[in-house]
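Novice:
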Amino acid sequence: MMGSVMQPLISALLEGERVGALTATKRLRAEGLSRERIITEGIEIAMAALDEKCTLEQFNLLEIMLVGRALSAVVDFLYPEGSQPPKTKGTVAIASLHGDIHDIGKKIVIMVLAANGYRIIDCGKDCPVDKLVNTAVNEGAMAVMVSGLITSVIPQVRQIKAALEEKGQGNVKVLAGGAALKQVSAHDLQVDYVAQTAFDGFHFLKEKL
Ligand code: B12
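With the first letter of the sequence shown counted as 1, position 11 gets the number 243 in the numbering used here; the numbers rise by one all the way through.
1. Counting only the same chain and skipping the five closest in sequence on each side, list residues whose C-beta sits under 8 Å from that of Gly337.
2. Beta-carbon within less than 7 Å of Met233's beta-carbon, same chain only, minus the 5 sequence neighbours each way: which residues are those?
3. State the Cα-Cα distance for the pair Met297 and Ser384, rounded to the nearest angstrom.
4. For Leu260, report the span of its alpha helix (DSSP H) as first-last.
5. Assess, as a yes-or-no matter, whether the region 388-397 is touched by the region 338-347 under the definition of 3 or more beta carbon pairs within less than 8 Å.
6. Among Asp308, Val416, Arg269 and Asp332, which one has its Cα closest to the Cα of Lys357?
7. So Ser379 is in the alpha helix (DSSP H); what residue range does that whole segment cover?
8. How far does the alpha helix (DSSP H) with Asp335 in it extend, from its first residue to its last?
9. Which same chain residues, not among the five before or five after Gly402, have their C-beta less than 8 Å away from its C-beta?
10. Which residues in the same chain as Leu310 place their Cβ atom closer than 6 Å to its Cβ, once the five residues preceding and following it in sequence are excluded?
11. For Val344, tell me which candidate among Ala327, Pro387, Leu303 and Ala375 has the shortest Cα-Cα distance.
12. Expressed to the nearest angstrom, what Euclidean distance is found between the alpha-carbon atoms of Thr367 and Cys355?
13. First and last residue of the alpha helix (DSSP H) that includes Asp308?
14. Have a look at Ala427, Gln422, Lys405 and Gln415 and flag the residue whose alpha-carbon is nearest the alpha-carbon of Gly322.
15. Helix, strand or coil for Thr429, going by three-state DSSP, please let me know.
16. Give a single yes or no on whether Leu293 has its beta carbon closer than 8 Å to a heavy atom of the ligand B12.
17. Taking 8 Å as the line, does the beta carbon of Val341 fall inside it for any heavy atom of the ligand B12?
18. At a cut-off of 8 Å, would you count His334 as near the ligand B12, judging by its Cβ distance to the nearest heavy atom?
19. Give the single residue among Glu284, Gly300 and Ala305 whose Cα lies nearest to the Cα of Ala256.
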């Protein structure tokens, strides 16, 4: 039954229709549905469908960016003051490291995790390892995520786990992703996991933490 109530929102999100998704969300709110239900029974269902659709072999950047834009509009409407969903599943600090200004993949990771209830601290792009690690420690993050598109950031990636350990935070998981890092093993990068896609990273968090 709930599927049919949520269907207009799910369809609009998957088609990347920002206005349609917003209209559907406003209607659901007017009908008295809670923000949490819209997230768990609408947004999360749409994200799961997107997860199945965007395999490694079949990935349409424009499509996922349009979905991301529609999703951001819905999340901004549901949580207007930039407030995060009430019951977060945990905090994650994310960045592209010093010298790397690519951030499209990082934005997608943020979108996937935020839609699934995580609190994300975005340390931005061109971020020094120190800043990322200090932010993670100060914010009580369960995981540090690094998005790397150029191979020259690899030596910095190798410093993250050791820097966390130095601060007594060796239990914080380190995840790497992005075109330059996903070809390297977790062992070589000295991280806990190398994700092939944003959803792959989300699954790791969900299952391992
Ligand atoms: C778009 C792009 C740019 C844009 C970036 C715009 C932006 N705001 O990000 C612009 C034009 C600015 C740019 C600039 C440059 N670029 Co460029 N760029 C690309 C390009 C074409 C696409 C990257 C991209 O956005 N892909 C789409 C996203 C969605 O994919 P993704 O990042 O892999 O993310 C997915 C997953 O990997 C995952 N993911 C990503 N990160 C993480 C992290 C975690 C923790 C998890 C769980 C998952 C995850 O989530 C996403 C969805 O599943 C790539 C080519 C390529 N094949 O990657 C080159 C590329 C990355 N660029 C490259 C280069 C060399 C440059 C420049 C140095 C070029 C120059 N000479 O000026 C500059 C400056 C780079 C710098 N200092 O950072 C090289 C890097 C070579 C290397 N191996 O080091 C590439 C590979 C092109 C090439 N073949 O030479 N670039």
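Positions of the beta carbon are idealized from the N, C-alpha and C atoms, including for glycine.
For clarity, every value in this text was computed on a predicted model and none was experimentally measured.
Specialist: Taking the coordinates as given:
1. Once the five neighbours on either side are set aside, the close Cβ partners of Gly337 are Ser379, Leu381, Gly409, Gly410, Ala411 and Ala430.
2. Because Met233 carries a pLDDT of 46, less than 50, the predicted location of this residue cannot be relied on, and no value is offered for it.
3. 26 Å
4. Arg250 to Ala262
5. no
6. Asp332
7. Element bounds for Ser379: not the alpha helix (DSSP H) but the beta strand (DSSP E), Ala375 to Ser379.
8. No alpha helix (DSSP H) holds Asp335; DSSP gives it neither H nor E.
9. Lys393 and Leu396
10. Arg267
11. Leu303
12. 8 Å
13. Leu293 to Leu310
14. Lys405
15. coil
16. yes
17. Yes, Cβ of Val341 sits closer than 8 Å to a heavy atom of the ligand B12.
18. yes
19. Ala305
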